[in-house]
Amino acid sequence: MPTPRSVALERLAYTLAAPVLAVAPNLYPDNPVNQVVQLAGAAGIGGWILAAKSDEPGAGRKILRWSPLVLAAAIDIAAKNTTGWGPYGLDALLAAGWAAAGYLVMPYSRHTRRRHRPALAAPAPQPAPAEVPAQPVVVPDDGADLLTREVRMMWENAGMPGRTHVVKATRHPGQRHDMTILLRASETGRPITGLSEDAVAAPFGVPSSDVVLAEVAIQPGRQGGPGWLEARITPDANQRRRTKPTDQEKWTDRVAGPKGGAPGSELVHTTRDNERGVTFYRAKMADSTETPRIDLAKVCRGLGLPEDDSCVFVLIDGNEFLISAFDTPPLSQIFPATRELLTPDAKGMYVCGYTITGQPVKNMVFQHDKNAARHGLILGVSRSGKTQFFAIDMAAMSLAGQVVWLSTVRKDEKTTTLGRYIDRQGSNALWMARSLRAAKALCEIRADMPWPHDGQPHDYKPGDPRCPYRQLNVFADEFMTAAQDAEFGEFIQTDGDDLTVTGLKYGIGLNPAGQSPFAHNGFSTEMKDNLRQNSRPTIFNMGSPGATRKAAEGTMENPYDVPTIPARYSRIEGSAIERAMRGEADPENGVSTGGVAVIVLDNGRAVLMRSLYADFDTDLSQLFPDEVNRLTDHEISELTKRGLWFDWNEPVRPGEFWPEPDEDDDGDDKPRRRGGGRGTKNDGRRAEPKVTSPRQALEAIKSLSDA
6 MPTPRSVALE
16 RLAYTLAAPV
26 LAVAPNLYPD
36 NPVNQVVQLA
46 GAAGIGGWIL
56 AAKSDEPGAG
66 RKILRWSPLV
76 LAAAIDIAAK
86 NTTGWGPYGL
96 DALLAAGWAA
106 AGYLVMPYSR
116 HTRRRHRPAL
126 AAPAPQPAPA
136 EVPAQPVVVP
146 DDGADLLTRE
156 VRMMWENAGM
166 PGRTHVVKAT
176 RHPGQRHDMT
186 ILLRASETGR
196 PITGLSEDAV
206 AAPFGVPSSD
216 VVLAEVAIQP
226 GRQGGPGWLE
236 ARITPDANQR
246 RRTKPTDQEK
256 WTDRVAGPKG
266 GAPGSELVHT
276 TRDNERGVTF
286 YRAKMADSTE
296 TPRIDLAKVC
306 RGLGLPEDDS
316 CVFVLIDGNE
326 FLISAFDTPP
336 LSQIFPATRE
346 LLTPDAKGMY
356 VCGYTITGQP
366 VKNMVFQHDK
376 NAARHGLILG
386 VSRSGKTQFF
396 AIDMAAMSLA
406 GQVVWLSTVR
416 KDEKTTTLGR
426 YIDRQGSNAL
436 WMARSLRAAK
446 ALCEIRADMP
456 WPHDGQPHDY
466 KPGDPRCPYR
476 QLNVFADEFM
486 TAAQDAEFGE
496 FIQTDGDDLT
506 VTGLKYGIGL
516 NPAGQSPFAH
526 NGFSTEMKDN
536 LRQNSRPTIF
546 NMGSPGATRK
556 AAEGTMENPY
566 DVPTIPARYS
576 RIEGSAIERA
586 MRGEADPENG
596 VSTGGVAVIV
606 LDNGRAVLMR
616 SLYADFDTDL
626 SQLFPDEVNR
636 LTDHEISELT
646 KRGLWFDWNE
656 PVRPGEFWPE
666 PDEDDDGDDK
676 PRRRGGGRGT
686 KNDGRRAEPK
696 VTSPRQALEA
706 IKSLSDA
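Put into structure tokens, the structure is as follows:
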């Protein structure tokens, strides 16, 4: 066989390069030939590194191919650094050995001949062996149905995602493509890891959002745990869920999510009351230890309801809550007051209104559990329904056999009408001061009144037929304005404070009404605390939802969620954006919220209600008893002895509230001061005021400036 040309050329190159490697470093150390040899060696080292890192076969052959360059550079460096030709002519011996190794190994020419062999050296063709068809993997027949076998085929074609095996596939009833597949790890005892919704969705050609992975519970005859997994593939159901979702699905997708109106909640059930025109959504928190956080506007948008607080309300009870969606504003309905509703039961409770859900709300005329009378606190701006509530409250008290006094700052039609059905009624600050002073004196009188069964005085016991006197309820409308009166404000505030503290045990209750429950407006802290603990405060519209909420929280020991009372109830009609684009005015379909109030119950929970309506244009005698309840003769006699029982509309009597001034030496009377009951003493000197409150201190400063 002749020698190939590439082999001959490679051997000639080794023969000619060997003397150069031996002579050049010794005779010409700085010759460029040495640098070329060394650069070639560096390239050979780079080839070694690339061959070692490569994952392709033939790495050893590549290293062998680059070895002559690396060895030549090594010989050149050794010859350059040895003295002369080295010991025993080592430089020449290394160069000769390098040439001999290259002459025998010939890496380049051998590599070339492996890919391009000449025709003379080609071996004789041999017949190719017959291809043996691959034997299919035999899967044991476990009796799987056709659907399971088809799913297994698709799963195997996808490469067994997550190294799992399909145990069973179950078609969902009434669905064409929806199914649930049961998966287990291919290796026994290995958990399923790395299996995602995308990997399950890809073999079936559905979006990953239509796949849900869930754990498998242990059942009799079947294992569970990390080695098992259940995949629900529901493209058909999700398509219907996106277009026509049920209430449960809308709640889960749009309300209960992290960005929904009630995150972490579950819808219990939906109830429709066609007769009342309301839909109830009852829900609870998935974690019973959490407190509901409700954003009513978001809930409305999630359920497709109009964002109208006059028709949609929320009621929270522990970890449960109720969303009530009405067709029409429920609190715009009028509930007429009747004698049957206003007649108190044995515990002194009567119906004063109805909530948004149609539940009756009860108020009390006395405190049955505390065995005492009751106070009252009624707040609201003008035309909010306070006087209407006065009427039903006084009627209930009168039907229970109690005495009622009513005082207002200014005279009006409704309070004058109520005066015909109660014991006493007046309309100025002086009348209010006299009524509070008389009620305060009644505490002393009743403390000494003997009871007929044993002849000894006792504390008031509501409903006890042996009690020798009737419960007295003193109503003070616009109490805030009266308490700021320049002449009688101090007496009104002082006697009101005393009456709220001591009146209950003697069967006397104070019922102030106004537009603010705070101390700087006439309500001292002691008065507010006593009124709050011994009544059910009723707050009508205070001018804005924020003011109403603040007033309600001011009457609650622990602030809860306070319902909102808007200025008017109005339904949302059409799109505000479209009306703005067309230049149309918004519809004026508001309904007054007069008579709508927040009542604070005994447990501190605030409830939104519509109070009963007493029509002042008709005869109110049908609500009140036939006879007016009055004080006993003994009480009137004792008040008369004290100079407190007369026509309280009379002008101020001499010395009634402040001592009369003495005449000076010239016979001229000194002017009488009317600054909250302060005057001059008999010796002509200015009376020192008794300062017990910031308001009295302010009045004292004013009196000093007038000296």
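For what it's worth, this note's numbering labels the leading residue of the sequence shown as 6, then goes sequentially. Note that the Cβ used here is the ideal one computed from N, Cα and C, for glycine as well. Remember, it's a predicted structure, so these values are computed and weren't measured experimentally.
Original post:
According to the neighbour-count rule (16 or more other Cβ atoms, all chains shown, within 10 Å of its Cβ), is residue 272 buried or exposed?
Top reply: By the neighbour-count criterion, in which 16 or more other beta carbons inside 10 Å mark a residue as buried, residue 272 falls on the buried side.
Original post:
Is the segment 431–443 touching the segment 455–472 in the sense that three or more CB pairs, one from each, lie closer than 8 Å?
Top reply: no
**OP:** Please name the residue, chosen from 258, 488, 199 and 171, that lies closest to residue 150 on a Cα-to-Cα basis.
**Re:** 171
Subject >> Nonlocal neighbours in the same chain, by C-beta distance under 7 Å from residue 189, ignoring five residues either side >> reply: Excluding five sequence positions before and after residue 189, the CB atoms of its chain that fall closer than 7 Å to its own CB belong to 169, 170, 172, 232 and 233, given in chain order.
Original post:
If you compare alpha carbons, which of 308, 221 and 440 is closest to residue 257?
Top reply: 308
Original post:
When DSSP labels each residue in this structure, what does residue 505 get in the three-state scheme?
Top reply: helix
Original post:
If we ignore side chains and look at the alpha-carbon of each, how far apart do residue 392 and residue 386 end up?
Top reply: 11 Å
Original post:
Can we say the segment 367–380 touches the segment 341–357, given the rule of at least three CB pairs closer than 8 Å?
Top reply: yes
Subject >> Distance between residue 610 and residue 412 (C-alpha atoms, nearest Å) >> reply: 30 Å
Original post:
Using DSSP with H/G/I as helix, E/B as strand and the rest coil, what is residue 539?
Top reply: coil
**OP:** Check the DSSP bridge columns for residue 410 and list the partner residues they point to.
**Re:** For residue 410, the pairing in a beta bridge is given by DSSP as 429 and 479.
Original post:
What does DSSP give as the partner residues of residue 618 in its beta bridges?
Top reply: 341
Subject >> Nearest-angstrom Cα separation, counted from residue 50 out to residue 70 >> reply: A straight-line Cα-Cα distance of about 11 Å links residue 70 and residue 50.
Subject >> beta strand (DSSP E) segment containing residue 357, residue limits >> reply: From DSSP, the beta strand (DSSP E) with residue 357 extends over 354–360.
Subject >> Distance between residue 14 and residue 117 (C-alpha atoms, nearest Å) >> reply: With a pLDDT of only 49 at residue 117, under the threshold of 50, the placement of this residue in the model should not be trusted, and no figure is reported.
Original post:
Which same chain residues, not among the five before or five after residue 305, have their C-beta less than 7 Å away from its C-beta?
Top reply: Around residue 305, the same chain offers 311, 312 and 317 as residues with beta carbons nearer than 7 Å, after the five sequence neighbours per side are excluded.
Original post:
Sorry if obvious, but does the Cβ on residue 79 come closer than 7 Å to a heavy atom of the ligand ATP?
Top reply: In terms of ligand content, the structure shown is empty, and the ligand ATP therefore cannot be addressed.
**OP:** Quick one: using the 10 Å Cβ neighbour count with 16 as the cut-off for buried, is residue 604 buried or exposed?
**Re:** Buried, because 16 or more other Cβ atoms sit within 10 Å of the Cβ of residue 604.
**OP:** Let me know the alpha helix (DSSP H) ranges lying completely inside the segment 198–252, each 4 residues or longer, listed in chain order.
**Re:** For the segment 198–252, whole alpha helix (DSSP H) runs of length 4 or above, ordered along the chain, are 202–209 and 240–248.
**OP:** Any chance you could list the beta strand (DSSP E) runs of at least 3 consecutive residues sitting entirely within the segment 261–325, in chain order?
**Re:** Within the segment 261–325, the complete beta strand (DSSP E) segments at least 3 residues long are 270–278, 283–290 and 317–322, listed from N- to C-terminus.
Original post:
Which class does residue 328 belong to by DSSP, given the choice of helix, strand or coil?
Top reply: Strand at residue 328.
Original post:
By Cβ distance below 7 Å, which residues in the same chain neighbour residue 56 in space, the five residues on each side in sequence not counted?
Top reply: So the list reads 64, 67 and 68, once near-sequence residues are dropped.
**OP:** Could you pull out every residue in the same chain whose Cβ sits closer than 8 Å to the Cβ of residue 200, ignoring the five residues on either side in sequence?
**Re:** 166, 167, 169, 188, 218 and 234
**OP:** For residue 430, collect the residues of the same chain with a Cβ closer than 6 Å to its Cβ; drop the 5 residues on either side in sequence, then sort them by chain order.
**Re:** 411 and 424
Original post:
Got a sec? Which residues, its chain only, sit under 7 Å from residue 196 by beta carbon, not counting five neighbours each side?
Top reply: Annotation for residue 196: 190, 231 and 232 place their beta carbon closer than 7 Å to its own, counting only its chain and skipping 5 residues before and after.
**OP:** With DSSP as the reference, please indicate the residues paired to residue 364 in a beta bridge.
**Re:** The partner list for residue 364 (beta bridge, DSSP) is empty, contrary to what the question assumes.
**OP:** Hey, could you find the ends of the alpha helix (DSSP H) residue 486 is sitting in?
**Re:** 484–488
**OP:** Give the range of the alpha helix (DSSP H) segment to which residue 162 is assigned.
**Re:** Taken as a continuous stretch (DSSP letters only), the alpha helix (DSSP H) holding residue 162 covers 151–162.
Subject >> Same chain, Cβ closer than 8 Å to residue 403, neighbours up to 5 away in sequence not counted >> reply: Within the same chain, residue 403 has close Cβ partners 409, 426, 427, 629, 630, 633 and 634.
Subject >> Inter-stretch contact (C-beta, 8 Å, three-pair minimum) for the segment 220–228 and the segment 201–208 >> reply: no
Original post:
Of all the options 663, 620, 47 and 53, which has the alpha carbon lying nearest to the alpha carbon of residue 342?
Top reply: Ranking 663, 620, 47 and 53 by CA distance to the CA of residue 342 puts 620 first.
Subject >> CA-to-CA distance, residue 471 to residue 481, given in whole angstroms >> reply: 29 Å
Original post:
Among residues of its own chain, excluding the 5 on either side of residue 320, which ones have a beta-carbon nearer than 6 Å to its beta-carbon?
Top reply: 327
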